[in-house]
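Enquirer:
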Amino acid sequence: MTTANEGSPGRSGEPEVTIDELATRVGMTVRNVRAYASRGLIPPPRLEGRTGYYGEVHARRLQLVRELVDRGYTLAAVEKTLLARPDDTAGHALDLLEVIDAPLRTVEEPEIVSVATLLALSGLERDENLIDRLVELELAERRDDDQLLLRQPTVVRAGTQAIAIGLQPDTVLSMLPVMSEHLRAVANLFVEDVREQIWQPFVEKDMPDEQWDAILRVISVLMPVAGQAVLSVFRRELAEAIAEAMGDELDQLAGPGDSASS
Numbered sequence: 001m002t003t004a005n006e007g008s009p010g011r012s013g014e015p016e017v018t019i020d021e022l023a024t025r026v027g028m029t030v031r032n033v034r035a036y037a038s039r040g041l042i043p044p045p046r047l048e049g050r051t052g053y054y055g056e057v058h059a060r061r062l063q064l065v066r067e068l069v070d071r072g073y074t075l076a077a078v079e080k081t082l083l084a085r086p087d088d089t090a091g092h093a094l095d096l097l098e099v100i101d102a103p104l105r106t107v108e109e110p111e112i113v114s115v116a117t118l119l120a121l122s123g124l125e126r127d128e129n130l131i132d133r134l135v136e137l138e139l140a141e142r143r144d145d146d147q148l149l150l151r152q153p154t155v156v157r158a159g160t161q162a163i164a165i166g167l168q169p170d171t172v173l174s175m176l177p178v179m180s181e182h183l184r185a186v187a188n189l190f191v192e193d194v195r196e197q198i199w200q201p202f203v204e205k206d207m208p209d210e211q212w213d214a215i216l217r218v219i220s221v222l223m224p225v226a227g228q229a230v231l232s233v234f235r236r237e238l239a240e241a242i243a244e245a246m247g248d249e250l251d252q253l254a255g256p257g258d259s260a261s262s
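Numbering-wise (full-length UniProt numbering), the sequence shown opens with residue 1 and increments by one.
Laid out in structure tokens, this is it:
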């Protein structure tokens, strides 16, 4: 009798591996693989004698379990989700997670700068309060007394430019929570609309295989489309707010009688 080894085809023709090799491939311990198998999170292996052999379906399933657990889902929630659709492969779910993660990978990398450089960009002398607030807002973290790790370099640099033109540091830093709150509300609107109008009808049709590509395309374009719309609207609203404020200032300079007659 010929036994399977790593990379050898099973009866289905796909390469099969032992549980030790499977654990290595998916970055888990053998103990965890056995635990997930005992909970029904992966299908039984193909047995030859006392040895079980695992294929691509097992690897994909375990990769999905690991991804979901790493994202903060409890094992009970993962188990409930996977067991509710035991005939589905993990491939579509992994593709979906890949699409969701793709925009995050384009986000800028953290950047190390000196405190002196940051203060120079802001046009400030030593200001521990500014540094403390950046850390508090999770925009930066201290590496040591002289260096910071900027988590969102573009946001921080924009803030330093605003401070450099004359705005108070507290004023600039107080804008971030306000912007985050309002933009999160806008983001929720986009997501809920897609969820209600596209995702839920897809689920109600039992997630047909032939529609998965279309769903993935929708989700992949959601962020750039939403981002472009938000930026365009914000620029318009900012221009109108500036024009309105300048109009008010000119009216005050002209005096009450002059503004009424113009």
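Heads up, the beta-carbon is just placed ideally off N, CA and C, and yes, glycines get one too.
Count the other CB atoms, across all protein chains shown, that sit within 10 Å of the CB of Asp209; report buried if there are 16 or more and exposed otherwise.
Expert: The count along the sequence shown starts at 1 and reaches residue 209 at position 209. Counting Cβ neighbours within 10 Å, Asp209 comes out exposed, since fewer than 16 surround it.
Enquirer: Can you look up residue 292 in the DSSP assignment and give me helix, strand or coil?
Expert: The question about residue 292 has no answer, for the chain in this structure spans 1 to 262.
Enquirer: Quick one, which of Leu134, Ile163, Thr18 has its alpha-carbon nearest Leu121's?
Expert: Here residue 121 corresponds to residue number 121 of the sequence shown, with the count starting at 1. When each option's Cα is compared against that of Leu121, the closest is Ile163.
Enquirer: Could you check which residue in Leu167, Asp170, Glu16, Ser114 has the C-alpha nearest to that of Asp145?
Expert: Along the sequence shown, one-based indexing puts residue 145 at 145. Residue Ser114 is the option with its Cα nearest to Asp145.
Enquirer: What are the boundary residues of the alpha helix (DSSP H) that Thr18 is part of?
Expert: Counting from one through the sequence shown, the residue named residue 18 turns up at place 18. Premise fails: Thr18 is in no alpha helix (DSSP H) and is neither H nor E.
Enquirer: Taking the Cβ atom as the reference point for each residue, do Leu62 and Tyr36 lie within a distance shorter than 8 Å?
Expert: Counting from one through the sequence shown, the residue named residue 62 turns up at place 62. Counting from one through the sequence shown, the residue named residue 36 turns up at place 36. For Leu62 and Tyr36, yes; Cβs fall inside 8 Å.
Enquirer: Taking only three categories from DSSP, how would you classify Glu138?
Expert: Working through the sequence shown from its first residue, we reach residue 138 at position 138. Looking at Glu138 - three-state DSSP - the assignment turns out to be coil, as it is neither helix nor strand.
Enquirer: Using the Cβ count rule (16 or more neighbours within 10 Å means buried), how would you classify His182?
Expert: Taking the sequence shown and counting its residues from 1, one reaches residue 182 at position 182. Exposed, because fewer than 16 other Cβ atoms sit within 10 Å of the Cβ of His182.
Enquirer: Considering only the alpha carbon of each residue, which of Thr160, Pro153, Tyr54, Ala229 lies closest to Leu124?
Expert: In the sequence shown, residue 124 corresponds to position 124, counting from 1. The candidate whose alpha carbon is nearest that of Leu124 is Thr160.
Enquirer: Would a C-beta distance cut-off of 8 Å place Arg66 and Val26 closer than the cut-off?
Expert: In the sequence shown, counting from the first residue as 1, residue 66 sits at position 66. In the sequence shown, counting from the first residue as 1, residue 26 sits at position 26. In contact: Arg66 and Val26 (Cβ atoms closer than 8 Å).
Enquirer: Quick one: what's Thr51 bridged to in DSSP?
Expert: Sequence index remark: in the sequence shown, residue 51 carries index 51 (1-based). Glu48, per the DSSP bridge assignment.
Enquirer: How would you call Arg133, buried or exposed, if buried means at least 16 neighbouring beta carbons within 10 angstroms?
Expert: For this step, residue 133 is matched to residue 133 along the sequence shown. Arg133 should be labelled buried.
Enquirer: Determine the burial state of Met1: buried for a count of at least 16 other Cβ atoms within 10 Å of its Cβ, exposed for fewer.
Expert: By one-based count along the sequence shown, residue 1 stands at place 1. Reliability of the predicted coordinates at Met1 is poor, the pLDDT of 37 falling under 50, and the value obtained from them is presented with this limitation in mind. Label assigned to Met1: exposed.
Enquirer: How do the region 165-177 and the region 190-199 stand: do at least 3 beta-carbon pairs fall below 8 Å, yes or no?
Expert: Because the criterion of three Cβ pairs below 8 Å is not met, the region 165-177 and the region 190-199 do not touch.
Enquirer: Leu149 by DSSP, collapsed to three states: which one?
Expert: If you number the sequence shown from 1, residue 149 lands on position 149. Three-state result, Leu149: strand.
Enquirer: Could you tell me which of Val186, Gln147, Arg50 sits nearest to Leu118, measuring between CA atoms?
Expert: Against the sequence shown, residue 118 aligns to sequence position 118. If we check each option's Cα against that of Leu118, Gln147 comes out closest.
Enquirer: Which residue comes first and which comes last in the alpha helix (DSSP H) that contains Glu181?
Expert: Looking up residue 181 in the sequence shown gives position 181. Glu181 -> alpha helix (DSSP H) spans 169-194.
Enquirer: May I have the straight-line CA-CA distance separating Leu130 from Ile165, to the nearest angstrom?
Expert: Within the sequence shown, residue 130 is the residue found at index 130, counting from 1. Within the sequence shown, residue 165 is the residue found at index 165, counting from 1. The straight-line gap from Cα to Cα measures roughly 16 Å.
Enquirer: Residues bridged to Val113 by DSSP?
Expert: Locating residue 113 in the sequence shown gives position 113, where the first residue counts as 1. According to DSSP, Val113 bridges with Leu148.
Enquirer: Less than 6 Å between C-beta atoms, sequence neighbours within five positions excluded: which residues of the same chain meet that for Ile215?
Expert: The residue labelled residue 215 in the question sits at position 215 within the sequence shown. Closer than 6 Å at the Cβ level, and outside the excluded window around Ile215, lie Phe202.
Enquirer: Have a look at Val155, Ala241, Arg31, Ala185 and flag the residue whose alpha-carbon is nearest the alpha-carbon of Pro110.
Expert: The residue labelled residue 110 in the question sits at position 110 within the sequence shown. If we check each option's Cα against that of Pro110, Val155 comes out closest.
Enquirer: Exposed or buried, what is Ile242 when buried is set at 16 or more other beta-carbons lying within 10 Å of its beta-carbon?
Expert: As a working note, residue 242 is residue 242 in the sequence shown. The residue is exposed, with fewer than 16 neighbouring Cβ atoms inside 10 Å.
Enquirer: State buried or exposed for Glu83, treating a residue as buried only when at least 16 other CB atoms are found within 10 Å of its CB.
Expert: Locating residue 83 in the sequence shown gives position 83, counting from the first residue. Strictly speaking, residue 83 in this sequence is Leu, with Glu absent from that position. Classification of Leu83: exposed, given that the 10 Å Cβ count is below 16.
Enquirer: Given a cut-off of 8 Å, decide if Glu16 and Gly49 are closer than it, judged by their beta-carbon atoms.
Expert: Along the sequence shown, one-based indexing puts residue 49 at 49. Along the sequence shown, one-based indexing puts residue 16 at 16. It is not a contact, given that the beta carbons lie outside the stated cut-off.
Enquirer: Report buried or exposed for Gln168, applying the criterion of at least 16 other Cβ atoms within 10 angstroms of its Cβ.
Expert: Sequence index remark: in the sequence shown, residue 168 carries index 168 (1-based). Burial call: exposed.
Enquirer: Using C-beta distances below 7 Å, list every residue in its chain close to Arg143, excluding the 5 sequence neighbours before and after it, in chain order.
Expert: What you label residue 143 is simply residue 143 of the sequence shown in a count that begins at 1. Only Ile112, Leu149 meet the Cβ criterion.
Enquirer: May I have the straight-line CA-CA distance separating Arg46 from Thr18, to the nearest angstrom?
Expert: Looking up residue 46 in the sequence shown gives position 46. Looking up residue 18 in the sequence shown gives position 18. Arg46 and Thr18: Cα-Cα distance of roughly 10 Å.
Enquirer: Which residues in the same chain have their Cβ closer than 7 Å to the Cβ of Val186, if we skip the five residues on either side of it in sequence?
Expert: As a position in the sequence shown, residue 186 is number 186, starting the count at 1. Same-chain partners within the cutoff: Val230.
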